[in-house]
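Some notes on the structure that comes next.
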Amino acid sequence: MRILHLSDPHLDCVDGPNGHGVNARESLRRILLDCRAVQDIDVVVVSGDLADDGSREAYTDVLELIGGFARERRVPAIFSTGNHDERQAFTDVLGSGHVDATGTDHPADLLSSADGERAAISRVGGYRIVSLDSLVPGKGYGRISRAQLDWLHEALTEPAPDGTILAFHHPPIALDVEVQRALGLRNAAELAEAIRGTDVQLILCGHFHLQIFGHLELTPVWVTPGVVSRIDLTATAGTERAVRGASATVVDIGGPHSPLLHVLHARDPHAGQTVYELDAGQLGAVIARLGP
């Protein structure tokens, strides 16, 4: 199976430059345009921060642009929430986040949650793809609720023919970078317990705006770089620099060397230009405000 994995488009209610001077829709259009020649895509997965401002306009355009890309290829599109998303607006436009090849909200299973968490299951060929909701309203870090973990564990008691893939926003792994340790998934150990010994073959995440590969116990974890920007780790330690350049990942799973992951970069003439820079004090303030 081949997955086109996107994350962090960060659209807002206006089709124009954001506060950092980047037109998020243009970044998304550019990477989708440059992915048009990718062959044999079976599903598009978008792991959160679809909207930057939680607006209905943002979700409507996400459905039009990414959903339209998927419909043209007659494949489903699966969306999960991120820390910038707003559950009600997400639900109003995208429903469960599992949109079939005709553009219809059509999950195989859906978590019923008092908090409106967006967790659902689709089946693509012999694979089961499960989206989870790691959003903690008002914070930058993530947590997958006990209700979701219990629902997931129950779903995984019956293996899928070819295995299961999880998709959610906050990575359960991090580099030795303070902001990643503070603002990643805070209950990775609980997730590891829920999936231990099951058929989960891969976890797909976003949030950090750069690519990382690692493992949660024995399960491979992939963090795809962002669409709206990427984090440049050549910046001085303890600071943060974001640069332009939309990216996506082609994920091939099921072959002899599975998973195979290949990052695609949009042919953006502005790629590499600085979007913002935070010094140590500014970054520390972000961690204090958005961390646990």
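Per this note's numbering: the sequence shown = residues 3 to 294. Idealized CB from N, CA, C, for every residue including glycine.
Starting from residue i, trace the alpha helix (DSSP H) in both directions and tell me its first and last residue.
{"i": "G286", "result": "A282 to L292"}
{"i": "A191", "result": "A190 to I197"}
{"i": "Y129", "result": "That residue, Y129, is in no alpha helix (DSSP H); its beta strand (DSSP E) goes Y129 to S133."}
{"i": "H155", "result": "R148 to A157"}
{"i": "A248", "result": "Looking at the DSSP string, A248 is not in any alpha helix (DSSP H), and its letter there is neither H nor E."}
{"i": "F210", "result": "Taken as a continuous stretch (DSSP letters only), F210 belongs to no alpha helix (DSSP H), as it is neither H nor E."}
{"i": "V181", "result": "E180 to L185"}
{"i": "R32", "result": "A26 to D36"}
{"i": "A110", "result": "A110 -> no alpha helix (DSSP H), and no H or E assigned at all."}
{"i": "R73", "result": "G70 to E74"}
{"i": "A60", "result": "R58 to V64"}
{"i": "R145", "result": "No alpha helix (DSSP H) holds R145; DSSP gives it neither H nor E."}
{"i": "R89", "result": "R89 to L96"}
Would you mind giving the Cβ-Cβ distance between residue i and residue j, rounded to the nearest angstrom? I have them listed as a contact below 8 Å.
{"i": "Y143", "j": "F92", "result": "About 19 Å; that fails the 8 Å criterion."}
{"i": "T200", "j": "W224", "result": "Not a contact, Cβ separation roughly 18 Å."}
{"i": "R130", "j": "T159", "result": "Between T159 and R130 the Cβ distance is about 12 Å, and since that is not below 8 Å, they are no contact."}
{"i": "R188", "j": "P294", "result": "6 Å"}
{"i": "V277", "j": "A244", "result": "4 Å"}
{"i": "I123", "j": "A157", "result": "6 Å"}
{"i": "R2", "j": "G228", "result": "In this structure the chain extends from 3 to 294, so residue 2 is not present and cannot be described."}
{"i": "R198", "j": "E219", "result": "7 Å"}
{"i": "L13", "j": "D94", "result": "About 15 Å; that fails the 8 Å criterion."}
{"i": "V126", "j": "V24", "result": "That pair is no contact at about 32 Å."}
{"i": "P261", "j": "L204", "result": "5 Å"}
{"i": "S136", "j": "R120", "result": "Going by Cβ atoms, the distance from S136 to R120 rounds to 10 Å, so no, they are not a contact pair."}
Using the C-alpha atoms, what's the distance from residue j back to residue i?
{"i": "V202", "j": "L67", "result": "29 Å"}
{"i": "P173", "j": "A26", "result": "22 Å"}
{"i": "V40", "j": "V77", "result": "13 Å"}
{"i": "D42", "j": "T241", "result": "40 Å"}
{"i": "H209", "j": "H86", "result": "10 Å"}
{"i": "I175", "j": "A196", "result": "16 Å"}
{"i": "R291", "j": "V132", "result": "30 Å"}
{"i": "M3", "j": "D281", "result": "42 Å"}
{"i": "A103", "j": "L34", "result": "17 Å"}
{"i": "Q182", "j": "I214", "result": "11 Å"}
{"i": "H217", "j": "L263", "result": "14 Å"}
{"i": "E28", "j": "L177", "result": "30 Å"}
{"i": "G18", "j": "V230", "result": "13 Å"}
{"i": "D234", "j": "I5", "result": "25 Å"}
{"i": "E192", "j": "I146", "result": "9 Å"}
{"i": "E59", "j": "A194", "result": "36 Å"}
{"i": "R32", "j": "D270", "result": "7 Å"}
{"i": "T236", "j": "H100", "result": "37 Å"}
{"i": "D164", "j": "G257", "result": "11 Å"}
{"i": "H30", "j": "P139", "result": "Here the sequence assigns Leu to residue 30, which means His is not the residue at that position. Those two C-alpha atoms are separated by around 25 Å."}
{"i": "D107", "j": "R75", "result": "17 Å"}
{"i": "G69", "j": "A239", "result": "38 Å"}
{"i": "E88", "j": "D54", "result": "9 Å"}
{"i": "H22", "j": "G128", "result": "42 Å"}
{"i": "D36", "j": "A184", "result": "34 Å"}
{"i": "L285", "j": "A110", "result": "41 Å"}
{"i": "A268", "j": "R232", "result": "12 Å"}
Mind checking which residues open and close the beta strand (DSSP E) that includes residue i?
{"i": "G105", "result": "Neither: G105 is in no beta strand (DSSP E) and is coded neither H nor E."}
{"i": "T166", "result": "G165 to A169"}
{"i": "G216", "result": "I214 to L218"}
{"i": "I80", "result": "A79 to S82"}
{"i": "V47", "result": "V45 to S49"}
{"i": "V265", "result": "L262 to H267"}
{"i": "P161", "result": "Looking at the DSSP string, P161 is not in any beta strand (DSSP E), and its letter there is neither H nor E."}
{"i": "V126", "result": "A122 to V126"}
{"i": "L235", "result": "Premise fails: L235 is in no beta strand (DSSP E) and is neither H nor E."}
{"i": "T221", "result": "T221 to V225"}
{"i": "I5", "result": "R4 to L8"}
Is any heavy atom of the ligand COA found at a distance shorter than 7 Å from the C-beta of residue i?
{"i": "V138", "result": "No copy of the ligand COA appears in this structure; indeed no ligand is present at all."}
Original post:
Would you call the region 35-52 and the region 81-89 touching, i.e. three or more CB-CB distances under 8 Å?
Top reply: Taking 8 Å as the limit for Cβ pairs, the verdict is that the region 81-89 does touch the region 35-52.
Original post:
Would you call the region 139-154 and the region 109-121 touching, i.e. three or more CB-CB distances under 8 Å?
Top reply: With the cut-off at 8 Å, the region 139-154 and the region 109-121 touch.
**OP:** Would you check if there are 3 or more beta carbon pairs closer than 8 Å linking the region 248-264 to the region 5-22?
**Re:** Three or more beta-carbon pairs separated by less than 8 Å link the region 248-264 to the region 5-22, which places the two stretches in contact.
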